[in-house]
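Since the structure comes first, as structure tokens, the remarks are kept for the end.
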Amino acid sequence: MAADSSTRGRAHRLLSVLAALLAVAGSVTATSGNGARGSRSVVAVGEKTAVLSLRELRWVTAVRKIRPGRYEQPMQAQNLGERRKADVSRKATTVLELKHHSTILNQPAGGELYLTRLLAADEARAASLQLPRAAGAAVTESGQAAAEVPLTSGIRFQTLNYVTTIALGAGAVANFTVIVDTGSDLTWVQCKPCHACYSQQDPLFDPAGSTTYAAVPCNASACAASLKEATGTPGTCAKSGSGSGSERCYYALGYGDGSSSRGVLATDTLGLGGASLEGFVFGCGLSNRGLFGGTAGLMGLGRTELSLVSQTASRFGGVFSYCLPATTSGDSTGSLSLGRGAYRNTTSVAYTRMISDPAQPPFYFMNVTGATVGGASLTASGLGARNVLIDSGTVMTRLAPSVYRAIRAEFTLQFSAEARYPAAPGFSILDTCYNLTGHDEVKVPLLTLQLEGGADVTVDAAGMLFMVRKDGSQVCLAMASLPYEDQTPIVGNYQQKNKRVVYDTVESRIGFADEDCTYM
Numbered sequence: 006m007a008a009d010s011s012t013r014g015r016a017h018r019l020l021s022v023l024a025a026l027l028a029v030a031g032s033v034t035a036t037s038g039n040g041a042r043g044s045r046s047v048v049a050v051g052e053k054t055a056v057l058s059l060r061e062l063r064w065v066t067a068v069r070k071i072r073p074g075r076y077e078q079p080m081q082a083q084n085l086g087e088r089r090k091a092d093v094s095r096k097a098t099t100v101l102e103l104k105h106h107s108t109i110l111n112q113p114a115g116g117e118l119y120l121t122r123l124l125a126a127d128e129a130r131a132a133s134l135q136l137p138r139a140a141g142a143a144v145t146e147s148g149q150a151a152a153e154v155p156l157t158s159g160i161r162f163q164t165l166n167y168v169t170t171i172a173l174g175a176g177a178v179a180n181f182t183v184i185v186d187t188g189s190d191l192t193w194v195q196c197k198p199c200h201a202c203y204s205q206q207d208p209l210f211d212p213a214g215s216t217t218y219a220a221v222p223c224n225a226s227a228c229a230a231s232l233k234e235a236t237g238t239p240g241t242c243a244k245s246g247s248g249s250g251s252e253r254c255y256y257a258l259g260y261g262d263g264s265s266s267r268g269v270l271a272t273d274t275l276g277l278g279g280a281s282l283e284g285f286v287f288g289c290g291l292s293n294r295g296l297f298g299g300t301a302g303l304m305g306l307g308r309t310e311l312s313l314v315s316q317t318a319s320r321f322g323g324v325f326s327y328c329l330p331a332t333t334s335g336d337s338t339g340s341l342s343l344g345r346g347a348y349r350n351t352t353s354v355a356y357t358r359m360i361s362d363p364a365q366p367p368f369y370f371m372n373v374t375g376a377t378v379g380g381a382s383l384t385a386s387g388l389g390a391r392n393v394l395i396d397s398g399t400v401m402t403r404l405a406p407s408v409y410r411a412i413r414a415e416f417t418l419q420f421s422a423e424a425r426y427p428a429a430p431g432f433s434i435l436d437t438c439y440n441l442t443g444h445d446e447v448k449v450p451l452l453t454l455q456l457e458g459g460a461d462v463t464v465d466a467a468g469m470l471f472m473v474r475k476d477g478s479q480v481c482l483a484m485a486s487l488p489y490e491d492q493t494p495i496v497g498n499y500q501q502k503n504k505r506v507v508y509d510t511v512e513s514r515i516g517f518a519d520e521d522c523t524y525m
């Protein structure tokens with residue numbers, strides 16, 4: 006009996022070893038070569054590198070025709086998002102779905118020209134977020150309470166940003182798709198009678214159809230100090246077109262890429278993922294132009310008094326979070342939570358201090374103390390030297406030149422060591438590109454940002470590379486250098502994919518956790 010038991014034990018151990026070897030062999034087969042085997046999209050290989058399916062980077066090619074408006078530019082043809090119903094997870098929490106809608110023209114040349122223009126607009130925005138180089142402002146910890154509202158990620162509306170659907174008005178309630186922007190304050194939509202509007206997918210908002218709509222009077226504080234803080238320009242007073250009645254407050258808002266919105270400052274009932282908010286201050290745009298695609302306007306989630314965050318702070322407790330989907334499929338849906346909701350994160354939320362800058366009050370800043378690429382620590386004079394802006398309205402991350410050079414060098418070293426991918430020409434602001442024709446999957450070294458307080462944020466594999474050409478012949482490192490070392494670095498939305506990003510304005514902290522943001 007003892008001998009028989011020993012024999013069975015040896016046989017069992019042998020089978021266990023054989024099974025382990027077969028498992029290792031299967032893993033090697035699945036991740037070697039050009040990745041033709043297997044149907045995985047993004048497969049983790051530890052925390053330092055990941056296997057990325059290039060299909061995750063391809064832009065949707067179904068373009069819907071949008072009739073140009075008076076000021077609409079021909080290149081605007083990218084986002085067309087289906088509105089999804091959002092649910093309320095609990096009493097003081099609103100959960101909204103995020104959908105990243107993306108459309109690039111079928112013709113390679115047209116697609117590249119279109120992308121060039123979009124990235125040029127993104128570069129103009131990044132430049133507009135910088136302080137004048139001669140100015141220096143002290144940075145203090147923020148104690149201001151704020152809260153944020155609905156978010157739907159979008160790309161089919163001719164923008165590389167994310168969009169959400171809101172409801173506006175009472176009586177004849179209408180739904181509107183708007184760009185979500187943590188770097189702006191005033192929320193606005195295009196309104197009737199629009200004197201100069203670009204084309205949008207939704208009908209124009211009709212103030213006459215809402216029983217709770219009211220123009221903000223000129224003597225209201227929102228028309229003076231609050232509006233100036235939110236837009237940089239105080240409101241102006243004028244009577245309606247007929248010249249009769251009381252004076253109304255008019256706003257004028259300009260953006261770094263040359264876009265603008267002008268109209269009446271008003272209040273109405275706002276619907277956000279099942280929640281109803283009365284007396285919400287917003288812009289009723291009568292003259293609007295620029296790169297807003299086919300959306301109805303913009304949602305301002307900054308930090309001043311007129312932002313959606315501040316106006317809803319008493320309702321949602323000053324906490325909001327979002328999860329941006331990694332893929333650009335029109336059916337790829339993420340979420341925005343208002344309040345302290347239940348998240349779907351797979352790792353614990355790690356927090357870092359939220360920083361405010363008196364010279365740039367709308368923005369959310371944090372301190373980045375170090376960085377690694379593929380597990381290799383980087384040395385650069387720009388690391389830890391200044392605060393970093395996190396922004397949902399900027400697409401590509403911008404880094405101090407010394408930091409970008411260190412990241413690019415280490416990424417190139419590790420990526421080229423995996424396989425000798427041919428170099429491809431740079432594209433727009435992206436200077437490090439590869440020809441990945443014939444490869445279904447590539448092993449990508451991941452960038453990890455080390456934040457003040459010990460929090461680490463590792464960029465998802467889908468946020469490391471940007472596909473310019475659909476055939477894979479031009480795929481670029483998805484970040485860029487700032488012109489000067491003393492400018493403000495920006496973490497854009499492309500590098501925030503598949504992360505639960507939490508803004509806790511009461512505790513003055515920003516949190517990050519891994520999460521699969523593709524819910525549908």
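Per this note's numbering, residue 6 is the first one in the sequence shown, and the count goes up by one each step.
Glycine residues also receive a C-beta, built at the ideal position from the N, C-alpha and C atoms.
| query | result |
| --- | --- |
| Validate contact between the segment 312 to 330 and the segment 278 to 296 using beta carbons, cut 8 Å, 3 pairs | yes |
| Per-residue DSSP class, three states only, for Arg-345 | coil |
| For Thr-192 and Leu-291, the rounded distance between their alpha carbons | 14 Å |
| Simplified DSSP state of Thr-351, which is helix, strand or coil | coil |
| Cβ neighbour criterion (16 or more within 10 Å) applied to Gly-344 | buried |
| Within 7 Å, strictly: CB atoms of Lys-502 and Phe-517 | no |
| Exposure of Asp-519, with buried meaning 16 or more beta-carbon neighbours within 10 Å | buried |
| 3 or more residues per run - each beta strand (DSSP E) lying fully within the segment 308 to 337 | 324 to 328 |
| Any beta strand (DSSP E) of 3 or more consecutive residues that is wholly inside the segment 196 to 275 | 241 to 243 and 253 to 259 |
| The segment 507 to 514 in contact with the segment 322 to 331 per 3-pair CB rule at 8 Å | yes |
| First through last residue of the beta strand (DSSP E) which encompasses Ser-421 | Element bounds for Ser-421: not the beta strand (DSSP E) but the alpha helix (DSSP H), 406 to 423. |
| Reference Gly-176; option with closest CA among Pro-208, Ile-184 and Tyr-218 | Tyr-218 |
| Tyr-489 burial status per 10 Å Cβ neighbour count (16 or more: buried) | exposed |
| Cα-Cα separation between Leu-483 and Ala-414, rounded to whole angstroms | Note that residue 483 is Ala in the sequence shown, not Leu. C-alpha separation (whole angstroms): 14 Å. |
| Residue(s) in a DSSP beta bridge with Cys-289 | Val-194 and Val-269 |
| Nearest-angstrom Cβ-Cβ length linking Asn-440 and Asn-166, presumed shorter than 8 Å | Actually they do not touch by this definition, with Cβ atoms about 29 Å apart. |
| Close beta carbons around Ala-220, own chain, < 6 Å, minus the five adjacent residues each side | Arg-253, Val-269 and Ala-271 |
| Selection from Val-393, Ser-382 and Pro-366 that minimises the alpha carbon distance to Arg-358 | Val-393 |
| Coil, strand or helix - Gln-455 by DSSP | strand |
| Outcome for Leu-418 when other beta-carbon atoms lying within 10 angstroms are tallied against a minimum of 16 | exposed |
| Residue environment, Gly-443, which counts as buried when at least 16 other CB atoms sit within 10 Å | exposed |
| Cβ pair Gln-455, Gly-375 closer than 7 Å | yes |
| Phe-416 beta carbon less than 7 Å from that of Cys-481 | no |
| Nearest-angstrom Cβ-Cβ length linking Gln-195 and Gly-298, presumed shorter than 8 Å | About 12 Å; that fails the 8 Å criterion. |
| Beta-carbon spacing of Thr-236, Leu-258 below 7 Å | yes |
| Spatial neighbours of Val-354 in its chain, beta-carbon cut-off 8 Å, leaving aside the 5 residues before and after | Tyr-348, Arg-505, Val-507, Gly-516, Phe-517 and Ala-518 |
| Per DSSP, cross-strand counterpart(s) of Val-449 | Ala-55 |
| Closest Cα partner of Val-511 within the set Val-447, Asp-207, Val-400 and Arg-308 | Arg-308 |
| Beta-bridge partners of Phe-297, as assigned by DSSP | Note: Phe-297 sits in no beta bridge, so no partner. |
| Range covered by the beta strand (DSSP E) that runs through Asn-503 | From DSSP, Asn-503 is part of no beta strand (DSSP E); its letter is neither H nor E. |
| Delimiting residues of the beta strand (DSSP E) encompassing Cys-522 | Neither: Cys-522 is in no beta strand (DSSP E) and is coded neither H nor E. |
| Phe-420 versus Val-183: straight-line alpha-carbon distance, rounded | 38 Å |
| Tyr-489 - DSSP class collapsed to helix/strand/coil | coil |
| Ala-381 versus Lys-448 - alpha carbon distance | 16 Å |
| Candidates His-200, Leu-232, Asp-476 and Arg-474: closest to Glu-310 by CA position | Leu-232 |
| Reference Ala-227, options Asp-211, Arg-514, Tyr-256 and Leu-487, closest by Cα | Tyr-256 |
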